[in-house]
Structures are given as C-alpha cells and as structure tokens.
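Everything below concerns the one structure shown next.
Protein chains: 4
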Amino acid sequence: MHHHADPKMHDCITQCWSCRDTCQSSLFNYCLQNGHNAPDHVRVMTDCIQVCQAAADFMTRNSPLHAVMCRACAEICDACANSCETMDDTEMSRCAEICRRCAASCREMASGTI
Amino acid sequence: MHHHADPKMHDCITQCWSCRDTCQSSLFNYCLQNGHNAPDHVRVMTDCIQVCQAAADFMTRNSPLHAVMCRACAEICDACANSCETMDDTEMSRCAEICRRCAASCREMASGTI
Amino acid sequence: MHHHADPKMHDCITQCWSCRDTCQSSLFNYCLQNGHNAPDHVRVMTDCIQVCQAAADFMTRNSPLHAVMCRACAEICDACANSCETMDDTEMSRCAEICRRCAASCREMASGTI
Amino acid sequence: MHHHADPKMHDCITQCWSCRDTCQSSLFNYCLQNGHNAPDHVRVMTDCIQVCQAAADFMTRNSPLHAVMCRACAEICDACANSCETMDDTEMSRCAEICRRCAASCREMASGTI
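Protein chains in written order, with our numbering: chain A, 159 to 272; chain B, 159 to 272; chain C, 159 to 272; chain D, 159 to 272.
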C-alpha cells in the first residue's frame, strides 16, 4: 500500500526497523552469549529497540508529532552506538554502524519538520 | 547477522512484520478516513498489530516459547482477516490476504514445535 | 521491590501509566463509540499511549537516557490534551487533565537531568 | 473511568501489570547485576514482560479476543516462574510468586470465555 508519499520518511522507517531488528537480534543472540551483558549495555540496547519502534510507528501512522520521536530516536541511537563501539568486536561494530545510520536519518526527519 | 538458522522461522518473522505493518498503515491511513472505524474493527486491527509484533519478537529472540505466541497470532490474524473481508473493499481485501498468509505461517510454526 | 530510590521518578512513572491507561481505555471504550474518531484524534491518542509507555519503561529500567524520553513524552501529552480539550465532553476533559499532569511531571524529570 | 464492568477482568489486568512491572524492574535492576543473566533467563523474563502487556492491553480494550492472549500469558508466566524458582534467591522467589498469581488469573479469564 502506498500510504507513505515522502521517500525520505519511507527511508527513515526502513532505517528504524533495521536498527531495531539488529539490536534485538544482537542483544538476545550474541551479546548475552558473549559477555556483552553489562547492565548499562543491555539497557541502552533495550532503549534503542523501544525508541526505534516508536519512531517507525509514529511515521507509519503519519503522525504530525513524528519529529518529536525522531529527535529522541537520534539521541538514543547515538548512545547505543557509543556503547557498541567500546567493545572492539566486529559484530558490535556493525551494530554501531546501523545505529549511526538510523540516528542520521532520524536527525534529518526531526530537523526538517520542527 | 545470521542468527536465524531456520528458514521457516525467518519466513514467519517476515510474514508477521508484513502483517503488522500493513494493518497499522491501513488502520491509520485508510480505515479511519474511509468509514471503516467501527470499534470492533479498530480493536481487532489493533489486536493484530500487537500480536504480530509479539510473535515476530519471540522468534527474533529465538525464544523456546515462540510457538505459544505463534498459536495466538494465528487465531487473531484470522479474526482480523474476517473483519477485513466483510468490507467489500479492495484495500481491505488485500489486508485480509496478508493476515491469512501470516496466520498460515504462524500455524505451521506453532504445530511444528508444540 | 524497592528499586526506585527517587520519589520524583516513582511519581512520574505512576503518572505515565495512569495517562497511558486512561488514553487507551478512553480511545477504545469511549471515543470510538461516541464520534471522537477523527483520524487526527485517534492518532494523537495512540501516540500518547506509546510515548507514555516508553517513558515509564525507561524510568523503570533506570535508564540514564530517561530524560530524553520524558522530554518527548511531555510534548506529546500536551498535544493529546489539546485534542481532548477541543471536544467539550466531560470524559475527554478528564482525559486532558491526566495528560497535562503527566506532561508536567515528565517536564520536571527532563529538566532535572539534561 | 469505569469502563471495566467485570471485576474479574479488572483484577486480571492488575495482575498482568504487576507481573510486567515486577519482571521488568527485576530484570534491569537486579538480575543483570546479580549474575542472573543467562540468555534463557533474560529471554523468558522479556517474553513475560511482553505477553503480560499484551494481555493487559487486550482486556483494557475489551477485546473479544482477550481469552486467546490470556491463555498464552498463563503459559509464559508459568515458564518465567519456573526460571525464577531455579535460583534460590529471595527476590526471584517473590518474582516467581507474582508470575504464578498472574498465570492463575489469566487461566481463569481464558477458561471462562473460550
């Protein structure tokens, strides 16, 4: 269904879902098994999963408030990337990269509208 | 990341996300604008969005309990499809089809494991 | 369990849950049945449900990033209250009041930390 | 707002929220800090958080499908209690108790309606 007219928003939704999926899969199938289980890391990964979903959902609903959530999402994705980058681990580096890309896309959505 | 070894589970995750996305997009960008706003329809669409997400998340986490959620998901997707099919509306028929496909895939996941 | 040392945060969690519960219950059991079903109203109620939950969850997890989500929550609760207040309806006025109280509490959490 | 006529359903919603809150708070503020961080335990706690929320939401929306979700919730709460009980830890025993109470309440809701 072609409800998302704006290609930039469509791309940002895709980034948010990709980031959410990567973080959830990494957390439960990699981090916990490989010693990346410090409370602060598990927390920020969980925060990232939740905010990416919220941002994607706001945009999917074409909410006029999506910029508010995208702004929050950009901040939290960056924090999550910071945590992943401390680990010197290929898988976590890839996760960090996806978080950064999502943050950049969300930042653009937020600045365009607010 | 290649955390999902089982191709059937991977396909079921895809069906759940597709169903969740279609239902959410249809509900907020089509149903509410086109008179498909009876409380029972909005409710079952919302139920479907929530259970598809839960089922996809259980599988993404490789939860040993995913079959329990897939079984619930199959029932609720079928109920949502029933509601969409009463509407004699091309867009809702397409939504119903996606719900049926998700229900079939979830039923298979549930039966294979429990 | 006494994991929440800060009484202000504990109070804010309570406000967020109260707001989320009131919005969800009002939306599905009152608004849809009483003609308050304009897409923009359903959207902002849904946005409010989602952000209140996220803010409550961030605080429940003692996330260092909770202020980011509380700031977003305050903005969205105010927007939801605005929508409810246009309706000249006792039930919706009460919903608006609860949204305003949640917004005030979230604003305080956000400003105290960032 | 008095939208929940049925006192049994109202009680079950309360049990689900209590269980969800206890599991989330225990997981992020106790388990991860005290060595209860095996992937299977973190997974089942996360499953329990998600299904309790879904069951509470279905009932809050007065969904005719709430029994389907309550049935799933009962199974998953029991599995979560099993995991908590293996730990010989006062805090986790209390968590297990709350899971069992929620499971019993959900089972009653499920059997009454299906």
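Beta carbons: idealized from backbone N, C-alpha and C, even for Gly.
Computed from a predicted model, the values in this text were never measured in an experiment.
- When the beta-carbon positions are compared, alanine 268 of chain A and alanine 239 of chain A stay at least 8 Å from each other.
- Within chain B, the residues placing a beta-carbon under 7 Å from that of valine 200 of chain C are Leu190, ordered along the chain.
- At a beta-carbon threshold of 9 Å, the residues of chain A lying near phenylalanine 186 of chain B are His161, Thr218, Arg219, Asn220, Ser221, ordered along the chain.
- In terms of Cα proximity to aspartate 236 of chain B, the closest of B:Met167, B:Cys264, B:Trp175 is B:Cys264.
- Cβ atoms of cysteine 253 of chain C and threonine 172 of chain C stay farther apart than 8 Å, at about 17 Å.
- In this structure, the beta-carbon distance from glutamine 182 of chain D to aspartate 215 of chain C falls below 8 Å.
- In its chain, beyond the 5 residues on either side, Ala239 have a beta carbon closer than 6 Å to the beta carbon of arginine 258 of chain A.
- Neighbours of glutamine 173 of chain B in chain D, taken as residues whose beta carbon is under 9 Å from its own, are absent, since the nearest beta carbon is some 18 Å off.
- For alanine 237 of chain D, the chain B residues whose Cβ falls inside 9 Å of its Cβ are Pro222, Leu223, Val226, in order along the chain.
- In the structure shown, the three-state DSSP call for threonine 244 of chain C is coil.
- Looking at the backbone, the Cα of arginine 201 of chain C and that of glutamine 191 of chain C are separated by about 16 Å.
- Contacts with chain D at 8 Å (Cβ-Cβ) include proline 197 of chain A.
- Against chain A, the CB of aspartate 179 of chain B has a partner CB under 8 Å away; the residue lies at that interface.
- With its beta carbon at least 8 Å from every one in chain B, isoleucine 207 of chain D lies outside the interface.
- Here the alpha carbons of glutamate 255 of chain A and isoleucine 234 of chain A stand approximately 14 Å from one another.
- Residue nearest to methionine 245 of chain A within the set A:His168, A:Asn187, A:His194 is A:His194 (criterion: CA-CA distance).
- When the beta-carbon positions are compared, valine 209 of chain D and alanine 225 of chain D stay at least 8 Å from each other.
- In the three-state DSSP reduction, glutamine 173 of chain B falls in the helix class (H, G or I).
- Across the structure, serine 176 of chain B and cysteine 242 of chain B are spaced so that their CA atoms are roughly 16 Å apart.
- Taking CB atoms only, aspartate 164 of chain B has no neighbour in chain D less than 8 Å away.
- For aspartate 169 of chain B, no chain A residue has a C-beta closer than 9 Å to its own C-beta; the minimum C-beta separation is roughly 15 Å.
- Residues of chain D whose Cβ lies closer than 8 Å to the Cβ of alanine 230 of chain B are, in chain order, Val226, Met227, Arg229, Ala230.
- Within the same chain, Ser241 come within 6 Å of histidine 199 of chain B by CB-CB distance, once the 5 residues on both sides are set aside.
- Using a 10 angstroms sphere on the CB of serine 221 of chain A, the tally of other CB atoms reaches 16 or more, which defines it as buried.
- The Cβ atoms of methionine 203 of chain C and methionine 167 of chain C do not sit closer than 8 Å to each other.
- Chain-order list of chain D residues neighbouring serine 263 of chain C: empty, with the shortest C-beta distance near 18 Å, by a criterion of under 9 Å.
- Under the three-state reduction of DSSP output, glycine 193 of chain C falls in the coil class, being neither helix nor strand.
- Rounded to whole angstroms, the Cβ separation of proline 165 of chain A and phenylalanine 186 of chain D is 38 Å, and the two are not in contact under 8 Å.
- Sorting B:Cys174, B:Met250, B:Cys206 by C-alpha distance to the C-alpha of arginine 219 of chain D places B:Cys206 at the top.
- When Cβ-Cβ separations below 8 Å define contact, threonine 204 of chain C makes contact with chain A.
- Of all alpha-carbon atoms in B:Glu249, B:Glu266, B:Arg178, the one lying nearest the alpha-carbon of cysteine 189 of chain B is that of B:Glu249.
- Apart from sequence neighbours up to five positions away, the residues of its chain that approach alanine 232 of chain B with a beta-carbon distance below 7 Å are Ala261, Cys264, Arg265, Ala268, ordered along the chain.
- Between the C-alpha atoms of cysteine 228 of chain D and alanine 213 of chain D there is a straight-line separation of about 6 Å.
- In terms of beta-carbon proximity, aspartate 246 of chain D stays away from the interface with chain C, with every pair separated by 8 Å or more.
- Contact of glutamate 243 of chain A with chain C is not assigned, every C-beta pair being separated by 8 Å or more.
- Interface with chain D (8 Å Cβ-Cβ cutoff): glutamate 233 of chain B is included.
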